[in-house]
Every structure is written in structure tokens, then in C-alpha cells.
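Visitor: Here it is, the structure, as C-alpha cells.
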Amino acid sequence: MNDSTAMPRGEPAIRTIAMPADANPAGDIFGGWLMAQMDLAAGNVATRRARSRCATVSVDRITFLRPVFIGDEVSLHAEIVRVGRSSMTIEVEAWRRSRDGEEQVKVTDASFVFVALDQGGRPRVISPGSQSAANT
1 MNDSTAMPRG EPAIRTIAMP ADANPAGDIF GGWLMAQMDL AAGNVATRRA RSRCATVSVD
61 RITFLRPVFI GDEVSLHAEI VRVGRSSMTI EVEAWRRSRD GEEQVKVTDA SFVFVALDQG
121 GRPRVISPGS QSAANT
């Protein structure tokens, strides 16, 4: 599969640069750093959809496809694929672009589940809103 010919799914949520503090001694970016960026991207989308605070409930899967290196631009795209009574499933893709090139390559994808919270931190019903066909 040639990831460079594909296009990212979902809306752009975050774009950042992988820095030396995010890497192991070999220069590869830590998977935990990338997962944290993906969680931030999914959380941003979840909060906008629920119009309230949201919390990560689970990461159903994360697949590391290719490494990310120091200096790479990392773009995170997120898409809501399911909205339940108080929870949402959000697919996130991470794409890298080297600082001296234009080719974008998908490096990681994951599925996050978030729950909408009320002001007391308890799960709350997500109001119906504009949803894609995948959210019905």
C-alpha cells in the first residue's frame, strides 16, 4: 500500500513539528508523543461536537505504520464515525512530511472513544446536531 497517494480522512485538527525532546536516542519520535497528539486532535473534535468538556474513555486501537523523525511536520486529521447517547468514536490519522520535501505519508491511525461531560464531570447526553451519515 502506497500511503503517499492517499489523502487524509477527516478534518485537519492539529499540525505540529516533531522536536528533539520528543525523540528517543535513535532519533525516532516516541509513540507515546504521537498518541498524545492524536488524543488532543480527537479531543478537539469531540469538544466541538458535544459543545462541552469531553474525556477520553478508551483507545480501541492504534497502529503505528511508519516512523516519525525529528523535524518532521505532523498533521493530524480526525473524523467522528459514531455518535451515541453520551459517547463518540473518533478516527484519527497522523501524516508526516519531512522538512525538505512535499510528500505526505500516513504514519499512524487510531480509534478513540470520548464521553461528553456535564459541569460536574458526569456523562451527559450529546444533543443531536449536524452529523454525517456515519453518525446515525
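Numbering (the UniProt record's numbering) for the sequence shown: 1 to 136.
From the three backbone atoms N, C-alpha and C, an ideal C-beta is built for every residue, glycine too.
Given the structure is predicted, the values throughout are model-derived calculations rather than measurements.
#1: Taking 9 Å as the threshold (C-beta atoms), are residue 48 and residue 116 in contact?
#2: From residue 126 to residue 26, what distance separates their C-alpha atoms?
#3: Quick check on the DSSP output: what are the complete alpha helix (DSSP H) runs of length 4 or more inside the UniProt domain "HotDog ACOT-type" (8-120), in order along the chain?
#4: If contacts are defined as beta-carbon pairs under 8 Å, then residue 87 and residue 57 qualify, I think. What distance do you get, rounded to the angstrom?
#5: Run the CB neighbour count on residue 63, radius 10 Å, all protein chains shown included, and call it buried at 16 or more, exposed below.
#6: Going by the beta-carbon positions, is the gap between residue 34 and residue 59 smaller than 9 Å?
Guide: Let me lay it out:
#1: Your numbering for residue 116 matches position 116 in the sequence shown. Your numbering for residue 48 matches position 48 in the sequence shown. No, the Cβ-Cβ distance between residue 116 and residue 48 is not below 9 Å.
#2: Residue 126 sits at position 126 when you count from the first residue of the sequence shown. Residue 26 sits at position 26 when you count from the first residue of the sequence shown. Taking the straight line from one Cα to the other gives about 44 Å.
#3: 31-50
#4: As a working note, residue 87 is residue 87 in the sequence shown. As a working note, residue 57 is residue 57 in the sequence shown. Residue 87 to residue 57, Cβ: 6 Å. Contact.
#5: What you label residue 63 is simply residue 63 of the sequence shown in a count that begins at 1. Under this definition residue 63 is an exposed residue.
#6: Numbered from its first residue, the sequence shown carries residue 34 at position 34. Numbered from its first residue, the sequence shown carries residue 59 at position 59. For residue 34 and residue 59, no; Cβs fall outside 9 Å.
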